[in-house]
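J.: Residue numbers (full-length UniProt numbering): 1 to 296. The C-beta atom is built at its ideal place from N, Cα and C for all residues, glycine as well. Since the model is a prediction, treat every value here as computed from it, not as a measurement.
#1: Consult DSSP for residue 261 and reduce its assignment to one of helix, strand or coil.
#2: Once you ignore the five residues that flank residue 219 on each side, which residues in its own chain have a CB closer than 6 Å to its CB?
#3: According to DSSP, what are the bridge partners of residue 115?
#4: From the DSSP output, which residues share a beta bridge with residue 91?
#5: Assuming residue 146 and residue 270 make a contact with CB atoms under 8 Å, what is their CB distance in whole Å?
#6: Can you give me the start and stop residues for the alpha helix (DSSP H) that residue 192 sits inside?
#7: Return helix, strand or coil for residue 86, following the three-state DSSP convention.
#8: Should residue 108 and residue 3 be called a contact, given that it needs their Cβ atoms to be closer than 7 Å?
#9: Taking residue 304 as the reference, which of 244, 215 and 113 has the closest Cα?
#10: Runs of 3 residues minimum, wholly inside the segment 188-250: which ones carry the beta strand (DSSP E) assignment?
#11: Could you work out which residue in 192, 173, 225 and 94 is closest to residue 7 when comparing CA atoms only?
#12: What number of angstroms, rounded off, separates the C-alpha of residue 136 from the C-alpha of residue 230?
#13: For residue 21, is the classification buried or exposed, using 16 other Cβ atoms within 10 angstroms of its Cβ as the cut-off for buried?
Encoded structure:
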């Protein structure tokens, strides 16, 4: 059974990401953990020492969090009836990025699914602060859903690469399993910024071809273009359903984050995308969770 972490701030963007996740994993047995974090507007010494339990000040965050999580769960059960899915809700007195880090250190989650922006997201910003931090620090794959994007069947997946760095087999296995499960067409997209390939790049092409041989992927080459604009043009022209990237130094995603203002780069990714960390860890299903959960 897959375990999926769904952070929410109760915004429309967060709800849209939850809906996408439930559709994306509709054919798989999943345990969804819906997470909301909160912090007080003003920090007090008793909050810092022990959190709201040790504070004499009534903590509205607790009530708001619980009410929001309860409503989210009710909304899910009204809209989605899937016997393969079970849900747990959790709230935490913590920042979102710290809580996600602490939870995923237990290695029990297979995916994090979240929106590109939170409640305060501005249209001119491609990725919200929390999303950027979680993608950058996560040790498990993160599925990010653009604001307002409605689920549709995944028929085509694009995997951009420059062939400059070799990929770990466990990372490629995630992409292989995903493509095979979804029965999608995989396109390996090479943005050729140099004229000739070196020997290492040629070797990496062979590794990818051998690893994905049974999936019969398409190898596409875009010459004379630079990332990230080349990726944007490919997505616009070919309309794939999902973008998958390995999150490593100097990657397309890193370049995109360096210019996250749409006015500067002229676009944002308009389709859902999965980032697989280069330090991907295999979930240890035998370890206990750090936090108590409420099962619904």
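T.: Inspection of the coordinates gives the following:
#1: Summary for residue 261: the model assigns pLDDT 32, below 50, so the residue's position carries little reliability; its value from the coordinates is reported in the next sentence. Annotated three-state conformation of residue 261 is strand, per DSSP.
#2: Closer than 6 Å at the Cβ level, and outside the excluded window around residue 219, lie 188.
#3: Answer is 145.
#4: BP columns for residue 91 point to 36.
#5: The C-beta distance from residue 146 to residue 270 rounds to 6 Å, short enough to meet the 8 Å contact threshold.
#6: For residue 192, there is no enclosing alpha helix (DSSP H); the enclosing beta strand (DSSP E) covers residues 185-192.
#7: The answer is strand: DSSP assigns residue 86 an E or B state.
#8: Closer than 7 Å, so yes.
#9: Residue 304 lies beyond the stretch modelled for the chain, which goes from 1 to 296, so this question has no answer here.
#10: Whole beta strand (DSSP E) segments, 3+ residues: 218-223 and 242-247.
#11: Nearest C-alpha to residue 7: 94.
#12: Spanning the two alpha carbons is a distance of roughly 22 Å.
#13: A buried status is given to residue 21, since no fewer than 16 other beta-carbon atoms sit within 10 Å of its beta-carbon.
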